[in-house]
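Asks:
Number of protein chains: 6
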Amino acid sequence: MVAKRINGNKQKIAIYPGTFDPITRGHISLVQRAVHLFDQLIVAVSKNAGKAPLFSWNQRYLMVRKSLEGIPKVEVIKFDGLLAELARSLKARVIIRGLRAVSDFEFEFQMALMNRKMAREVETVFLMPSLSWVYLSSTVVKDIAVNGGDISTLVPPSVVTMMARKARQSKKNR
Amino acid sequence: MVAKRINGNKQKIAIYPGTFDPITRGHISLVQRAVHLFDQLIVAVSKNAGKAPLFSWNQRYLMVRKSLEGIPKVEVIKFDGLLAELARSLKARVIIRGLRAVSDFEFEFQMALMNRKMAREVETVFLMPSLSWVYLSSTVVKDIAVNGGDISTLVPPSVVTMMARKARQSKKNR
Amino acid sequence: MVAKRINGNKQKIAIYPGTFDPITRGHISLVQRAVHLFDQLIVAVSKNAGKAPLFSWNQRYLMVRKSLEGIPKVEVIKFDGLLAELARSLKARVIIRGLRAVSDFEFEFQMALMNRKMAREVETVFLMPSLSWVYLSSTVVKDIAVNGGDISTLVPPSVVTMMARKARQSKKNR
Amino acid sequence: MVAKRINGNKQKIAIYPGTFDPITRGHISLVQRAVHLFDQLIVAVSKNAGKAPLFSWNQRYLMVRKSLEGIPKVEVIKFDGLLAELARSLKARVIIRGLRAVSDFEFEFQMALMNRKMAREVETVFLMPSLSWVYLSSTVVKDIAVNGGDISTLVPPSVVTMMARKARQSKKNR
Amino acid sequence: MVAKRINGNKQKIAIYPGTFDPITRGHISLVQRAVHLFDQLIVAVSKNAGKAPLFSWNQRYLMVRKSLEGIPKVEVIKFDGLLAELARSLKARVIIRGLRAVSDFEFEFQMALMNRKMAREVETVFLMPSLSWVYLSSTVVKDIAVNGGDISTLVPPSVVTMMARKARQSKKNR
Amino acid sequence: MVAKRINGNKQKIAIYPGTFDPITRGHISLVQRAVHLFDQLIVAVSKNAGKAPLFSWNQRYLMVRKSLEGIPKVEVIKFDGLLAELARSLKARVIIRGLRAVSDFEFEFQMALMNRKMAREVETVFLMPSLSWVYLSSTVVKDIAVNGGDISTLVPPSVVTMMARKARQSKKNR
């Protein structure tokens, strides 16, 4: 599914793509930084079937929508396919990515070069999360939750509830 | 399973957690370094169900026990859950981690920050293995064994035997 | 399967091992660089059952053969087992590896040290791909193809055809 | 010297600070990318007395002005002092930095965190130069020029002339 | 100058060596972590004539003493020579080093390996500073101070005063 | 000074350039590896006036010659200018570089890309030193020597003598 939209004017539209499995306070902090820089921010929840996410595509989409509710200029969409083509179809000039660590950097660099090859007019822009969220990733959140730890300072309340349900299920299946 | 123990005095207890799938001479060298620095070392073999280890939790526990037999001040336990909570329940002041490479460093840094957030009084301490074991990891050992190579200089004798059995099995199933 | 060959003279034989799932223009560029440096280049397509490649061992072997057709001094073989032993049995003095990024570097370093331990007389030699292919990997190619993108500038024509077939299959199975 | 300017409206102003000793085609490519993203770009040539630049502050300022001549929405200023304060006084919301390599990344990360501490409302945004300029730095340009190499594809023509003069001088003084 | 001391008992003594030009809140946080882990901590202010420090050896020694005043189990010494020999002469079992970034890591790794070669019985132990000080280094502090910025949250009050004096001097000499 | 030589046949000539300030056992181990791979190895001692080496250009040249004496197929030359042009004038097909760490890697990558741009027919080939010398660099050797440490296992005997003399001088001048 690729969202379609009209952009007749010269607005600067940015896309923030991700799996968001689940969305964390680190992601939210990045969204808040990005909305100050561009006219519109489209958060694109990718299907990512290959990675076998914990939450379904739709669950993740709803989770992200709920978590970003009330932040102005933000729209959440579901996305499956090539990021470069999504950017082009949305007339977005910018892809937003967060950078936390050297390993992020190399992977992101490779992706950005590839996207540039496929859509020359789209620029990848890297932002730094708040220092407090540098250690935070969706993987870490899942690890803590599965082991019965408290994630309430790491994700929004609605995610806490959904993770608790998942953790109970995965415990049962072990 | 989380071990319980009483620590009334001011002993400096350190935990060395890991999957040990299998334990290598690199791990053993780290244990030997750590026992010189702290009063007691608890080697915690984690369940790690998510990673689908080659050896069962119990096999790994027995393997580690056998390999560290005779090193004074060392205790081996099985561990499932949050490392920060294990440290707290054991009144351990220190988590020991080995550092070999830049990629280790980033992951370990993230884990250490998260553990510090969950248990402020526990310090993660990084040690360097002997230079001879810098290239050694459990993954490399499994690779060599599966391909019929000689691992007798990389792991203790009991592990050589167990790996040989596993390699035969995995060969059959291919 | 390990190729056998006689090397009575002092020819400098190099092995370029890989999974090639699929072969990319980056790999081909590396082959072209390597043939200028050594007397013979053996491209060894590894079975790599553990990694669950997209293409079968035989498909990858045929793909590589077709793609390197006409480059002098190159031979393609199938290979399962230890690289160090393959090198020894082929009397190869050199293992060729490409270096693109820091994360490559650390993994390759570890492998090279291990291979040196197993076969002291074999040297691992690192080459740099053309700048244009620095962002290119087999994983990236598969990603683009699965999402319906154009890979015709990234891989040879025969691979384009085979990837298209695979992409259709994997789409059906999702 | 810190430039002063009025920014009553909601224009998005970005600063691109640097020593530019000398300006290279890599810098120019970054400027061209940045002007597409923001409403105004202020290129700030820092004094950087500590680094003992090859060209004087004023030479570098003139060099940058000449090289960016004709690119719309760009202004060049001289700058001495704290970047965070410059950003604040110019009502700039964004600091632009180029990222080429892991070592860049770590230094830039540290700088960005420090600038954020000093001016919370200013965001550091990282851009990637064109792949062709990834290997290019002012240091490399100086190295080649001093050794009598041809830098005409690496820097604009006016810099070629100025470098040639410097190279002759530095040769004399050796 | 190398401090001499008697260590008849089995106390675990650690050395924390550095240039401390100047000491920052990051250094102090590391000292506070280290004193919880070992029985005695010797902070060794190295002469480091090669690096041309901003503050004299004696100024740095006094600065460190003043800043660590009141922390129990800490002793400050001046140190010139080989770290491995200092450790041996003080019967210290441990060298403490802080790790902040990948670039730190590589340099520290090299130093630790070299020190191990020179004094096998001494272990280098790496600690992580508080997240708040990850961006902090003596170099950054000097940069901010020279440019007239506020460093009062980054260093102890006595260092603020001394830096202010230095900054005035260096301004005069420019 | 650039050496001139005739290469009418198809010999594979490699250049190993460096400052060698001083030459270490790590450098020598790399030379020994390289001579097995190529028909001739030219060790090029660069002037490197910019780096202010401890030993003069001529001292370093003589030191390298003495240390490599007796290794067949090796020639030592003095070199000032562009490496790419040296390679071309010597009809060398290969530039040899050692890789020890991630920071090496990035710098070397940049240099190799630049040299490729200047001389397309010359390939940079990276080799790994023996594990025992991974921690070794000319800088580390100088550090230890200046501080009165024993470097006799790190450099050849002739360098020990020359370093001792230098160390005495530099001690006097402090």
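Residue numbers (my numbering), protein chains in the order written: chain A, 600 to 773; chain U, 600 to 773; chain P, 600 to 773; chain W, 600 to 773; chain F, 600 to 773; chain Y, 600 to 773.
Ideal Cβ placement from N, Cα and C applies to all residues, glycine included.
Does DSSP put P/F708 in a helix, in a strand, or in coil?
Replies: Three-state DSSP puts P/F708 in a helix.
Asks: List the residues of chain W that Y/L681 touches, going by C-beta distances under 8 Å, in chain order.
Replies: Here the neighbours are I743, N746, G747 and G748.
Asks: Could you give the distance in angstroms between the alpha-carbon of A/G649 and the alpha-carbon of P/I622?
Replies: So the alpha carbons of these two residues sit roughly 21 Å apart.
Asks: If you follow the alpha helix (DSSP H) that F/K650 is in, where does it begin and where does it stop?
Replies: Taken as a continuous stretch (DSSP letters only), F/K650 belongs to no alpha helix (DSSP H), as it is neither H nor E.
Asks: Is the CB of U/L667 under 8 Å away from at least one CB in chain A?
Replies: Answer no: the Cβ-Cβ gap between U/L667 and chain A never drops below 8 Å.
Asks: Report yes or no: is there a C-beta of chain U within less than 8 Å of the C-beta of P/Q658?
Replies: Not one chain U Cβ lies under 8 Å of P/Q658.
Asks: Below 8 Å on the Cβ atoms is my contact criterion, and I expect A/L712 with A/I614 to pass it. Report the Cβ-Cβ distance as a whole number of Å.
Replies: At roughly 17 Å, the Cβ-Cβ gap does not stay under 8 Å, so A/L712 and A/I614 are not in contact.
Asks: When the distance is taken between beta carbons, is U/I750 closer than 8 Å to U/T723?
Replies: Taking 8 Å as the Cβ cut-off, U/T723 and U/I750 do not qualify as a contacting pair.
Asks: What residue range is occupied by the uninterrupted beta strand (DSSP E) comprising Y/G617?
Replies: Unbroken beta strand (DSSP E) run through Y/G617: I612 to G617.
Asks: Taking a contact to mean a Cβ-Cβ separation below 8 Å, would you say U/R624 touches U/V754 in this structure?
Replies: It is a contact, given that the beta carbons lie within the stated cut-off.
Asks: Comparing C-alpha positions only, which one of W/K609, W/H626 and W/V644 sits nearest to W/T618?
Replies: Closest by alpha carbon: W/V644.
Asks: Throw me the rounded Cβ distance for the U/I641 and U/A691 pair, which I believe falls under 8 Å.
Replies: Yes, they are in contact, since the Cβ atoms of U/I641 and U/A691 sit about 7 Å apart, within 8 Å.
Asks: Contact criterion: CB-CB distance below 8 Å. Does A/E684 meet it with respect to chain W?
Replies: Judged by the 8 Å Cβ criterion, A/E684 is not in contact with chain W.
Asks: So P/E674 is in the beta strand (DSSP E); what residue range does that whole segment cover?
Replies: Per DSSP, P/E674 belongs to the beta strand (DSSP E) from V673 to F678.
Asks: When DSSP labels each residue in this structure, what does P/R715 get in the three-state scheme?
Replies: Looking at P/R715 - three-state DSSP - the assignment turns out to be helix.
Asks: Going by the CB atoms, is the gap between A/L726 and A/A633 shorter than 8 Å?
Replies: The answer is yes: Cβ separation under 8 Å.
Asks: What residue does the beta strand (DSSP E) around A/G625 start on, and which one ends it?
Replies: Note, A/G625: premise wrong, no beta strand (DSSP E); alpha helix (DSSP H) at R624 to V634.
Asks: Does P/V630 get closer than 8 Å to chain Y when you measure Cβ to Cβ?
Replies: Output row for P/V630: interface = no.
Asks: Is the stretch 668-681 of chain A touching the stretch 733-751 of chain P, taking contact as three or more C-beta pairs under 8 Å?
Replies: In short, these stretches touch, since the Cβ pair count reaches three.
Asks: Candidates P/Q768, P/A686 and P/Q709: which alpha carbon is nearest P/A718's?
Replies: Closest option to P/A718, Cα to Cα, is P/A686.
Asks: Below 8 Å between beta carbons: does that hold for W/I670 and W/Q639?
Replies: Against a cut-off of 8 Å, the Cβ pair of W/Q639 and W/I670 comes out as no contact.
Asks: So, for W/V759: in the same chain, excluding its five sequence neighbours on each side, which residues have a beta-carbon less than 8 Å away from its beta-carbon?
Replies: I750 and S751.
Asks: Report the rounded CA-to-CA distance for U/L636 versus F/Q610, giving the unit in angstroms.
Replies: Near 10 Å, if we compare the C-alpha coordinates of F/Q610 and U/L636.
Asks: Determine, using beta carbons only, whether U/L726 comes closer than 8 Å to chain B.
Replies: Going by chain labels, chain B is absent from the structure shown, which instead holds the protein chains A, U, P, W, F and Y.
Asks: Per DSSP, what kind of secondary structure is U/A766 in: helix, strand or coil?
Replies: Correct three-state label for U/A766: helix.
Asks: U/Y615 touches chain P at which residues, Cβ-Cβ below 8 Å?
Replies: Chain P residues near U/Y615: none, gap ~22 Å exceeds 8 Å.
Asks: Grab the span of the alpha helix (DSSP H) containing P/T723 for me, first residue to last.
Replies: From DSSP, P/T723 is part of no alpha helix (DSSP H) but of the beta strand (DSSP E) over E722 to L726.
Asks: Determine which residues share a DSSP beta bridge with P/V642 and list them.
Replies: DSSP lists P/Y615 and P/V675 as partners of P/V642.
Asks: Is A/F654 buried or exposed, if buried means 16 or more other CB atoms sit within 10 Å of its CB?
Replies: Answer is buried; the Cβ neighbour count reaches 16.
Asks: According to the Cβ coordinates, are Y/S757 and Y/S666 closer than 8 Å?
Replies: Closer than 8 Å, so yes.
Asks: Beta-carbon separation of W/L735 and P/L730 under 8 Å?
Replies: Result no, Cβ atoms of W/L735 and P/L730 do not sit closer than 8 Å.
Asks: If you drop the 5 nearest sequence neighbours on each side, which residues of the same chain put their C-beta closer than 8 Å to that of P/M762?
Replies: These residues qualify, in order along the chain: P621, V740, K741, A744, I750 and V754.
Asks: Using only the alpha-carbon positions, how far apart do P/R715 and Y/R715 sit?
Replies: For P/R715 and Y/R715, the distance between alpha carbons rounds to 29 Å.
Asks: With a threshold of 8 Å between beta-carbons, can U/V739 be considered close to chain P, or not?
Replies: Yes, because at least one Cβ of chain P sits closer than 8 Å to the Cβ of U/V739.
Asks: Closest by CA to U/V733, which one among F/V721, F/Q709 and F/P728?
Replies: When each option's Cα is compared against that of U/V733, the closest is F/Q709.
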